[in-house]
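To keep things clear, I will list the structure first and then write my remarks on it.
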Amino acid sequence: MTDHRPVETWLTDMDGVLVHEEDAIPGAAEFITALEQSGRSFLVLTNNSIFTPRDLRARLLMSGIDVPERAIWTSALATAQFLAEQRPGGSAYVVGEAGLTTAMHDVGYVMTDRDPDYVVLGETRTYSFEAITRAIRLIEKGARFIATNPDPSGPSPAGTLPATGSVAALISTATGRQPYYIGKPNPLMMRSALNRLDAHSETTIMIGDRMDTDIISGLEAGLRTVLVLTGSTSRAQIEHFPYRPSRIVDSVADLVQFVTDEDRPQPERG
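Following the working numbering, the numbering of the sequence shown begins with 53 at its first residue and continues without gaps.
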């Protein structure tokens with residue numbers, strides 16, 4: 053990655069790159085420490101809209117990874133920012149948890165089920181049939197349909213859980229209306245993160261564990277990309293995709309030296 057302008061900014065996915073559930077991936081804490089000590093700007097990105105940045109900071113800290121609250125960017129924050137720019141001071145019927153409702157309140161949105169401008173669907177561990185039915189009826193009456201991210205499922209200690217994409221499909225089937233997804237793989241998520249840091253795509257690297265979300269969204273936003281093999285995409289699966297990451301490494305542990313070395317040596321190619 054030395055055949056481009058020097059790296060000034062880092063974006064990294066969270067689950068599968070820094071942590072597995074509540075367990076830190078070896079080298080993740082050292083990688084974040086290296087970024088902090090380097091003075092370079094960075095953000096930890098997640099499609100998870102359940103938690104606020106403060107919640108996620110606490111979760112990461114319990115895993116031994118010290119990420120400042122200001123360095124966490126969620127699909128909920130990106131969604132709220134997008135809606136504030138599209139329709140300032142608007143209203144929304146929100147299906148989601150504190151991460152999403154807090155972000156919406158913080159940009160001045162009113163939460164209501166009476167003729168809202170938008171229905172905003174996020175992730176929750178307790179999807180209510182009543183809330184989903186209400187969302188369907190409001191969309192039928194003309195509310196615009198937004199979803200924080202398209203992930204169809206998520207992990208849990210007990211097994212797979214349905215996530216935002218699955219519930220969005222249910223609502224779409226009932227209404228005939230497709231949502232506009234804000235989170236990855238929409239490059240809008242990357243661009244909003246870059247804007248938050250006042251960073252440039254040509255000097256930014258995106259790290260992720262999924263070819264179909266992290267890598268494609270980074271690629272489409274004009275970033276250099278690094279795929280780590282500690283999450284969803286295996287080395288054998290990479291060739292199934294019509295695009296490739298800029299680099300492939302076993303884990304973020306392999307990037308610590310790249311961050312700390314003043315000469316920024318090129319990481320080993322996958």
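Glycine included, each C-beta is placed from N, C-alpha and C at the ideal position. In this text the structure is predicted, and so the values were computed from the model without any measurement.
The C-beta of residue 181 has fewer than 16 other C-beta atoms within 10 Å across all chains shown, which makes the residue exposed. If you draw a straight line from the Cα of residue 184 to the Cα of residue 144, it comes to about 14 Å. Where residue 84 is concerned, the enclosing alpha helix (DSSP H) starts and stops at 80 to 90. With fewer than 16 other Cβ atoms inside 10 Å of its own Cβ, residue 295 counts as exposed. Below 8 Å, enough C-beta pairs join the segment 90 to 99 and the segment 112 to 129 to call them touching: three or more.
Residue environment analysis places residue 303 among the buried positions, since at least 16 neighbouring C-beta atoms fall within 10 angstroms of its C-beta.
When the beta-carbon positions are compared, residue 284 and residue 239 stay at least 8 Å from each other. Taken in chain order, the complete beta strand (DSSP E) segments of 3 residues or longer contained in the segment 192 to 240 are 196 to 199.
Beyond the five residues adjoining it in sequence on each side, residue 226 comes within less than 7 Å, by CB distance, of 188 in the same chain, given in chain order. In the three-state scheme derived from DSSP, where H, G and I count as helix and E and B as strand, residue 72 is classed as strand.
Pairwise C-beta distances place the segment 85 to 94 out of contact with the segment 189 to 207, as fewer than three of them are shorter than 8 Å. CA-to-CA, the gap between residue 231 and residue 221 works out to about 9 Å. In terms of Cβ geometry, residue 167 and residue 186 do not form a close pair [threshold 8 Å]. At a Cβ-Cβ threshold of 8 Å, residue 254 and residue 274 count as neighbours.
For residue 87, the closest C-alpha among the options 117, 282 and 250 is that of 117.
A distance below 8 Å separates the beta carbons of residue 191 and residue 223. Cβ neighbours of residue 179 within its own chain (closer than 8 Å, five residues either side excluded): 147, 214 and 219. Short of 8 Å from the beta carbon of residue 170, and not among the five residues preceding or following it, lie these beta carbons of its own chain, in chain order: 135, 139, 142, 143, 144, 145, 195, 196, 197 and 198. With a beta-carbon spacing of about 5 Å, residue 277 and residue 267 fall inside the 8 Å limit used to define contacts.
Residue state for residue 66 is assigned as coil, using DSSP reduced to three classes. With fewer than 16 other beta carbons inside 10 angstroms of its own, residue 205 counts as exposed. The continuous beta strand (DSSP E) containing residue 143 extends over residues 143 to 147. Rounded to the nearest angstrom, the Cβ distance from residue 112 to residue 70 is 7 Å, consistent with a contact under 8 Å. Annotated three-state conformation of residue 189 is helix, per DSSP.
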